[in-house]
Every structure is written in C-alpha cells, then in structure tokens.
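Below is one structure, written out as structure tokens, with a few remarks after it.
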Amino acid sequence: MEDELIKPEALDALLKCFVSAKAGSFENLLDPFLKICRISTSISIGIAKSMFFRRIVEKLGNSKAVVKLNLLRILRTVCDVHPNRATLVERYGLYELVVHLRKEDGAVLVRQLAREIEPSLKPALTKSHG
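In this text, residue positions in the sequence shown follow numbering that gives the first Met the number 0: the first is 0, and each later residue adds one.
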C-alpha cells in the first residue's frame with residue numbers, strides 16, 4: 000500500500016485533501032491522516048510541503064481543541080522524521096506557534112501537548128544558527 004501512496008500523484012491527492020477539506024471533513028480526516036504519517040516516514044516527508052504547513056499553522060490558530068490536538072500530533076510526527084526539520088521549524092514559525100499554544104491556549108490538553116513538543120522543535124532551531 001505504501002508503494003502506491005508515495006507516488007507523486009498519490010501524495011498530491013493526500014495533500015490536496017488535507018489542504019482543501021472543509022471544517023467538518025477536515026476534523027474527520029485528521030485521525031486517519033495521523034495514522035498514515037505514523038506508519039510511513041516516506042509519506043510524512045512527502046507531504047511536508049509549504050501548503051501542508053500553512054494549513055496546519057492556519058488551523059492551529061482557530062480550531063477546536065480536538066482539532067488542535069490532532070494537528071499538533073501530525074506536526075510532531077512529520078517534524079520528527081523530516082531531514083530538514085530545522086528549516087521547516089524556522090520557515091513556518093513552528094516553534095513560536097507551539098510556545099504560543101503552550102502559554103495561551105484555553106484547552107489544558109493542547110497546552111500539555113505543546114509543552115511536550117516544544118523541546119523537539121527548540122533544538123532544531125538552535126542547530127540551524129550554530
């Protein structure tokens with residue numbers, strides 16, 4: 000199955016689905032999306048495009064707690080396996096976003112998960128400047 004999903008057209012379809020889904024559908028696709036990312040490093044790296052991160056950043060700013068939790072899990076999964084993590088973190092302001100969620104989010108679980116993810120993003124940031 001993975002062999003099919005890592006083909007460019009399949010990755011594009013996954014990405015398009017993630018980026019263009021409306022609110023209700025978007026919420027429902029996050030769990031399966033997370034499972035796919037956890038199972039396949041190749042797919043996680045393949046979907047790590049600018050539109051993917053822009054959508055995550057946008058949705059982390061204005062979504063329900065359950066959506067934010069899944070987005071943070073997806074973000075952590077993709078960043079953990081990506082060879083250019085430092086670049087991604089810096090380019091999309093991911094560290095600052097996670098710190099903001101840790102400090103400001105109204106949901107306790109979102110703050111907790113952001114606190115867990117923060118250290119994995121911070122070292123990536125400092126490496127790229129050193």
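Glycine residues also receive a C-beta, built at the ideal position from the N, C-alpha and C atoms.
For residue i, the three-state DSSP class (helix, strand or coil)
i, result
"aspartate 104", "coil"
"glycine 60", "helix"
"isoleucine 5", "coil"
Cβ pair residue i, residue j closer than 7 Å
i, j, result
"valine 43", "threonine 76", "Note that residue 43 is serine in the sequence shown here, rather than valine. Contact flag set, yes."
"isoleucine 5", "leucine 33", "no"
"lysine 67", "leucine 59", "yes"
"glutamate 8", "serine 39", "no"
"leucine 28", "alanine 22", "no"
"leucine 96", "isoleucine 46", "no"
Buried/exposed call for residue i, threshold 16 Cβ in 10 Å
i, result
"leucine 71", "buried"
"histidine 128", "Since pLDDT at histidine 128 reaches only 48, below the 50 mark, its modelled position is unreliable, and the value read off the structure follows with that caveat. Histidine 128 should be labelled exposed."
"valine 107", "exposed"
"glycine 105", "exposed"
"asparagine 69", "buried"
"cysteine 78", "buried"
"arginine 90", "exposed"
C-alpha distance - residue i paired with residue j, whole-angstrom precision
i, j, result
"proline 31", "leucine 112", "19 Å"
"aspartate 11", "cysteine 36", "15 Å"
"phenylalanine 52", "proline 118", "19 Å"
"serine 24", "valine 56", "18 Å"
"histidine 99", "arginine 110", "9 Å"
"lysine 63", "arginine 54", "15 Å"
"tyrosine 94", "asparagine 83", "14 Å"
"isoleucine 116", "cysteine 16", "25 Å"
Restricting to runs no shorter than 4 residues, where is the alpha helix (DSSP H) found entirely within the region 18-92? 22-38, 40-45, 49-60, 64-80, 84-90
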